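Chains as they are written, first to last, in the numbering used here: chain A, 1 to 450; chain B, 1001 to 1450.
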């Protein structure tokens, strides 16, 4: 039932495009959803994509565009004239999709396209949307929605809704406004089906409605829609006037993006890249962490250098350097990841910083005890120096506790100063804990062994 | 506009509960959404929660329950009698929410509750749902939906829909079925508003509809709903008969869960835990990675031990051990994270394994070149041994390339054998690359220096 893009399909399609076989081409794409065609276009060369595009009717052609990857869409659009873009695409799109598309174009092309939009109301809506800052509710919302006035009857409302419905693709919620366009509630479709036509909207509408201000951050929008299980969320201005609505499909994209960003940060990648990006893009996204690691490594070298004389006498101290460094990094990353997720989900509870650190101290104590006991057992069997065995276990125990506390503390502090705590999970915590671990190891070595 | 749970609010509420001040209590909760009350209940003791619960009407009381955390909800429900659960909660819930709730109860209590459900149709629906395996479309779907038959007129359909609408909370899509209950399409609400009452549904419905089989994995359900921007997705059996529908709010939860699971794995946490979990739970979730790290550290110690004699003569070789080990781990994790995300998003493109490795080889080459040049410059200034400087740079260069390739290779292979590639990102790649890096370092040391 679901379409799956395979290499075979793609080869067949490319052949049909190359040899201009209209029949085969139409057979291949007719039954596909616009999202599938978008996926296909991402894989084609621009010239091939242009041929394929000719076979799509106007409404599908514009929908397809919204499903393409940003990069391929940009290339594709820039190969077209402003007139083509305005007539073939913008006219058929919802205001939010149109704005998203225009925002990617170079300034002169963007302005030219806007001037060529036929429907002046739509042009106004789009320009309005372009002014909202990226990442806010305003930039996510569409202007298309269905609203009825509280002083209308159900039958007037249905008549008006018919007019409005022609303009929009999905009716999720019917909003109720007063005569100053202030949002006062919603009219459940259920109610519309169940109420006599002469009733006043004002008597039957539901005044419980969640809404957000137009400047609300998109992450907060996502949290609200998720928490209250909403499919559409109205957006209002300072006076409470209804400006637009955000639909869940756009918010799902936000949720995915945020999750991918956090995942990338935890893995030491500074921006969300894909394996299909260019070698240079991929390299650039990874270098920052590697450079931080490099600095950490140099600092580590400096720490060890301080104990060069000891190492000459006790070279076996070097054996456990990687163990100590790695375990500090691991324990620290684990703690910070739990805090970062808790902050993101607002599920840290109401205990203060001290209580959180105390709890993590216990966790570190337990983990440290288990790990240092195990390494002690290993060393008793495979290592004949009691001094070194004790040093390794004591250092490991200390390092795990210190790293656990540090990993908890840093994201909490970053969050307090409004810095994205996810920054703490990857490079920073690992590197600092590496260096810290080495210090602890040699200090304890001096105590027990050297 | 949004409710935010603060410590002050909680204290006030607790005081009102303790002193049984009905007025204050009602003031505090009357205007709240059930999701907010769920959040509050998560923070209260069971006895406090029970007092608060008395003030909620039946429909709100059951909704609140679906918004609580699993752990606190379980405790709360187990403190009630089967009769209370059936009458106060199950009767007011949609079948999917009711099933989710029942599945958490101990077997005897669950059976008792089911036997006490008054609405026999609902009891059947719930029992049906309980049989579907967790993580499948069947387990996600609700039986409540609105369906009309193709041979009805619009006016019959509206009449029937009114009946059906009383039973369900949100009308997203009106499904069209034939007389064997096979799903054949959908009736856009827009169409319903715009078509004369005497038209036949069969003439006006839209036959383009995405659906999934009842056994489909929930991750695939999420991918489909995301790709096609759906708010509801019908579920069918082998014969194409309409069984239920999945709504986007449940899928948003799936998306979040999957993302959190991947994030936890990348951070070396074996199950998704929260900072509010018990110390033992938190420790248990972290020990596996620490133990893998421990084994890696022991292997690393073994590698270095092989070169003990060299270290005695050249203790400065030890300086760069942490650098080499850390950089191998970092580079490997970065590569595997990009592959893991690509696999999850189905965005790896159609190049084969060899092409992917070649590309990553170039990325490794670039990163390795930059990092090893920088460390060379550092060593030229701060280190007077040319042999060691060359060794460190050559080893770093090699380690970054090897780790990059290894990090790309492992998740691709895991995926081929249907093992979750996310397993590769955290502990495994880091540890193997640590050990591998040490080998390379000492081998190259022998070539250039020792």
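Glycine residues also receive a C-beta, built at the ideal position from the N, C-alpha and C atoms.
Note that this is a predicted model, so its numbers are computed, not measured.
Does any residue of chain A have a CB that is nearer than 9 Å to the CB of residue i?
i	result
residue 1353 of chain B	no
residue 1286 of chain B	yes
residue 1072 of chain B	no
residue 1315 of chain B	yes
residue 1230 of chain B	yes
residue 986 of chain B	This structure cannot speak to residue 986 of chain B, because chain B is shown only from 1001 to 1450.
residue 1210 of chain B	yes
residue 1302 of chain B	yes
residue 1149 of chain B	no
Following the continuous beta strand (DSSP E) through residue i, name the residue where it begins and the one where it ends.
i	result
residue 1236 of chain B	1232-1236
residue 1244 of chain B	1242-1247
residue 1186 of chain B	1183-1187
residue 1147 of chain B	1146-1149
Can you tell me whether DSSP reads residue i as helix, strand or coil?
i	result
residue 1002 of chain B	coil
residue 446 of chain A	helix
residue 1331 of chain B	helix
residue 1338 of chain B	helix
residue 57 of chain A	coil
residue 1213 of chain B	strand
residue 143 of chain A	coil
residue 1136 of chain B	strand
residue 1206 of chain B	strand
residue 153 of chain A	strand
residue 198 of chain A	coil
residue 1274 of chain B	coil
residue 1425 of chain B	coil
residue 1317 of chain B	helix
residue 309 of chain A	helix
residue 1419 of chain B	coil
residue 1032 of chain B	coil
residue 76 of chain A	helix
residue 349 of chain A	coil
Tell me the residue span of the alpha helix (DSSP H) that contains residue i.
i	result
residue 1175 of chain B	No alpha helix (DSSP H) holds residue 1175 of chain B; the beta strand (DSSP E) holding it covers 1174-1177.
residue 1269 of chain B	Residue 1269 of chain B -> no alpha helix (DSSP H), and no H or E assigned at all.
residue 1354 of chain B	1353-1382
residue 225 of chain A	218-227
residue 1090 of chain B	Where residue 1090 of chain B is concerned, there is no enclosing alpha helix (DSSP H), given that its DSSP letter is neither H nor E.
Using alpha carbons as the reference points, say which of the options lies closest to residue i.
i	options	result
residue 422 of chain A	A:408, A:63, A:434, A:159	A:408
residue 1100 of chain B	B:1118, B:1008, B:1077, B:1119	B:1077
residue 146 of chain A	A:239, A:406, A:246	A:246
residue 211 of chain A	A:194, A:177, A:201	A:177
residue 1175 of chain B	B:1202, B:1447, B:1335	B:1202
residue 259 of chain A	B:1345, B:1061, B:1358, B:1047	B:1345
residue 1299 of chain B	B:1115, B:1264, B:1436	B:1436
residue 1116 of chain B	B:1045, B:1030, B:1091	B:1091
residue 264 of chain A	B:1180, B:1195, B:1340, B:1224	B:1340
residue 181 of chain A	A:301, A:224, A:241	A:241
residue 457 of chain A	A:388, A:279, A:410, A:417	This structure cannot speak to residue 457 of chain A, because chain A is shown only from 1 to 450.
residue 1122 of chain B	B:1103, B:1086, B:1148	B:1086
residue 1159 of chain B	A:162, A:128, A:195	A:195
residue 130 of chain A	A:351, A:56, A:103	A:103
residue 1382 of chain B	A:126, A:269, A:301	A:301
Output yes if chain B places a C-beta closer than 9 Å to the C-beta of residue i; else output no.
i	result
residue 218 of chain A	no
residue 154 of chain A	no
residue 334 of chain A	yes
residue 356 of chain A	yes
residue 55 of chain A	no
residue 251 of chain A	yes
residue 378 of chain A	yes
residue 99 of chain A	no
residue 20 of chain A	no
(message) So, does the region 1065-1081 of chain B touch the region 366-382 of chain A, judging by three or more C-beta pairs under 8 Å?
(response) no
(message) Under 8 Å: do the region 1109-1117 of chain B and the region 1132-1151 of chain B share three or more Cβ pairs, one atom per stretch?
(response) no
(request) Indicate whether the contact test is met: 3 or more Cβ pairs, each with one atom in the region 245-258 of chain A and one in the region 210-225 of chain A, closer than 8 Å. (result) yes
(message) Contact between the region 416-433 of chain A and the region 1031-1046 of chain B is defined here as three or more beta-carbon pairs at a separation below 8 Å; is this criterion met?
(response) no
(request) Decide if the region 1324-1337 of chain B is in contact with the region 1397-1407 of chain B; the criterion is three or more beta carbon pairs, one per stretch, under 8 Å apart. (result) yes
(request) Mind the definition here: the region 274-290 of chain A touches the region 1354-1364 of chain B only if three or more C-beta pairs lie below 8 Å; say whether that holds. (result) yes
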